[in-house]
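Chains as they are written, first to last, in our numbering: chain A, 3 to 86; chain B, 44 to 257.
Structure first, then comments.
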Amino acid sequence: MVTCKDFLRELGEYLDESTDPELRAELDRHINECPNCWVVLDTTKKTINIYKGLEAQPLPERLRARLMEAVAKKIGSASNGHDC
Amino acid sequence: MPSEPAAGNVAGADVASGEVLLVERARQGDAEAFSALISKYERRVYRMARQITQNDEDAEDVLQDTFLKAYEHLPSFQGQSKFYTWLTRIAVNESLMKLRKRKSDRTVSLDENIETDEESIVREIAVWDGTPEERYGQEELRAILDEAIQSLKPIFRTVFVLRDVEEMSTEETAEMLGLSIAAVKSRLLRARLQLREKLTRIFKRKGDQILGYV
Ligand SMILES: [Zn+2]
Numbered sequence: 003m004v005t006c007k008d009f010l011r012e013l014g015e016y017l018d019e020s021t022d023p024e025l026r027a028e029l030d031r032h033i034n035e036c037p038n039c040w041v042v043l044d045t046t047k048k049t050i051n052i053y054k055g056l057e058a059q060p061l062p063e064r065l066r067a068r069l070m071e072a073v074a075k076k077i078g079s080a081s082n083g084h085d086c
Numbered sequence: 044m045p046s047e048p049a050a051g052n053v054a055g056a057d058v059a060s061g062e063v064l065l066v067e068r069a070r071q072g073d074a075e076a077f078s079a080l081i082s083k084y085e086r087r088v089y090r091m092a093r094q095i096t097q098n099d100e101d102a103e104d105v106l107q108d109t110f111l112k113a114y115e116h117l118p119s120f121q122g123q124s125k126f127y128t129w130l131t132r133i134a135v136n137e138s139l140m141k142l143r144k145r146k147s148d149r150t151v152s153l154d155e156n157i158e159t160d161e162e163s164i165v166r167e168i169a170v171w172d173g174t175p176e177e178r179y180g181q182e183e184l185r186a187i188l189d190e191a192i193q194s195l196k197p198i199f200r201t202v203f204v205l206r207d208v209e210e211m212s213t214e215e216t217a218e219m220l221g222l223s224i225a226a227v228k229s230r231l232l233r234a235r236l237q238l239r240e241k242l243t244r245i246f247k248r249k250g251d252q253i254l255g256y257v
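What follows is the structure, encoded as structure tokens:
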């Protein structure tokens, strides 16, 4: 019998789909019968997905200029050093 | 995650996107190719640095130092991992160094003992009210998510960002942070549950019967 405590302990593996099929079936059975664990599973999935779905924002123009300038300087000094 | 075709030692996704050529050209000192790689990854590197360091100034330094180091060490990049994984490794090291500089070693320990069990993290058990992405504006949602991440201890947010935001594997994350696989897994679960707890307090459907384990 899978308890809520067992379910929470296995939740990470369950979410990453790395539990073996037998255990997975037992965990599935548990969430069908336990509203608490079903809600925790559902809201944890949503938590992960909301972060995954958020696109990284463009860099502030000033920051991008600073980065490109530093890189250009680095590349310039590297190629000067080789002299081939 | 989509499965990737094996292509010798070279990561399949990199081949598919033509990135291998770009990396090869940058290795030969082609500044344009390196700029293209920067343009492709600058946003993600900066976001990762901000999420881990929680400090804009540090994140700006990390962004710059990451690409400078990448350029410097490009000749030693063998193409056994994806370029982005390799870049992430540099960015994580730089970010952790910044964190260590700002805080006492104790608060940035990556390997502290975690004795709380999962149950004690889960208090708020309630369904969410619709879809937050639809209920909140982009800016507001970003602020909520940032604040939730910010409240996590460095080790939890670093593991979460690497695994669930940047989609590194458990093995890659373990290697980058010098942790065991088991340690990464347990920290990731706790990070996910802590974030779930915080977001549920904000996103839950009001007026529902409150469930609970106790
Ligand atoms: Zn349960």
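Virtual Cβ for every residue (Gly too), placed ideally from N, Cα, C.
* **Tyr16(A): first and last residue of the uninterrupted alpha helix (DSSP H) it sits in** => For Tyr16(A), the uninterrupted alpha helix (DSSP H) run begins and ends at 6-17, by DSSP.
* Considering only residues of the same chain and omitting the five flanking positions on each side of Phe39(B), which have a CB-CB separation below 6 Å? -> Since the first residue shown for chain B is 44 and the last is 257, residue 39(B) is missing from the structure and cannot be characterised.
* Under 6 Å from any heavy atom of ligand 1, does the C-beta of Asn38(A) make it? -> yes
* **Reference Leu231(B); option with closest CA among Leu220(B), Phe199(B), Ser194(B)** => Phe199(B)
* To do: May I have the straight-line CA-CA distance separating Ala80(A) from Ser119(B), to the nearest angstrom?
  => 16 Å
* By Cβ distance, which residues of its chain are closer than 8 Å to Arg149(B), with the 5 residues on each side in sequence left out? -> At Arg149(B) the pLDDT is 49, less than 50, meaning the model places this residue with poor confidence; the figure from the coordinates comes in the next sentence. No residues qualify anywhere along the chain.
* **Three-state secondary structure (DSSP) of Lys247(B)** => strand
* **Cβ pair Leu61(A), Tyr114(B) closer than 7 Å** => Tyr114(B) sits away from Leu61(A), with the two beta carbons spaced by 7 Å or more.
* Proximity below 7 Å, CB of Ile164(B) to CB of Gln237(B) -> yes
* Any residues in the stretch 64-80 of chain A with a beta carbon nearer than 8 Å to a beta carbon of chain B? Which ones, in chain order? -> Leu65, Arg66, Arg68, Leu69, Met70, Ala72, Val73, Ala74, Lys76, Ile77, Ala80
* Could you please give me the residues that DSSP links to Trp171(B) through a beta bridge? => Lys247(B)
* **Check: Phe9(A) C-beta below 6 Å from any heavy atom of ligand 1** => yes
* Could you please give me the residues that DSSP links to Leu254(B) through a beta bridge? => Ile168(B)
* Environment of Glu57(A) [buried if 16+ CB atoms lie within 10 Å] -> exposed
* Taking a Cβ distance cut-off of 7 Å, strictly less, list which residues of the stretch 104-137 of chain B are near chain A, in chain order. => Leu106, Gln107, Phe110, Leu111, Tyr114
* Asked: From the beta carbon of Asn38(A), is the nearest beta carbon of chain B less than 7 Å away?
  -> So, interface residue.
* As assigned by DSSP and simplified to three states, the class of Asn98(B) -> coil
* Using Cβ-Cβ distances below 8 Å, what residues of the stretch 164-183 of chain B are close to chain A? -> Val165, Ile168, Ala169, Val170, Trp171, Pro175, Glu176
* According to DSSP, is Glu58(A) helix, strand or coil? -> In the sequence under discussion, the amino acid at residue 58(A) is Ala, which differs from the Glu named in the question. The answer is coil: DSSP assigns Ala58(A) none of H, G, I, E or B.
* Asked: So what's Gln123(B) in DSSP terms, helix, strand or just coil?
  -> coil
* **chain B contacts from the stretch 6-25 of chain A (Cβ-Cβ distance under 8 Å)** => Taking 8 Å as the Cβ-Cβ cut-off, the stretch 6-25 of chain A approaches chain B at Cys6, Lys7, Leu10, Arg11, Leu13, Gly14, Glu15, Leu17, Asp18, given in chain order.
* What do you reckon, are the CB atoms on Lys228(B) and Gly55(A) nearer than 7 Å? -> no
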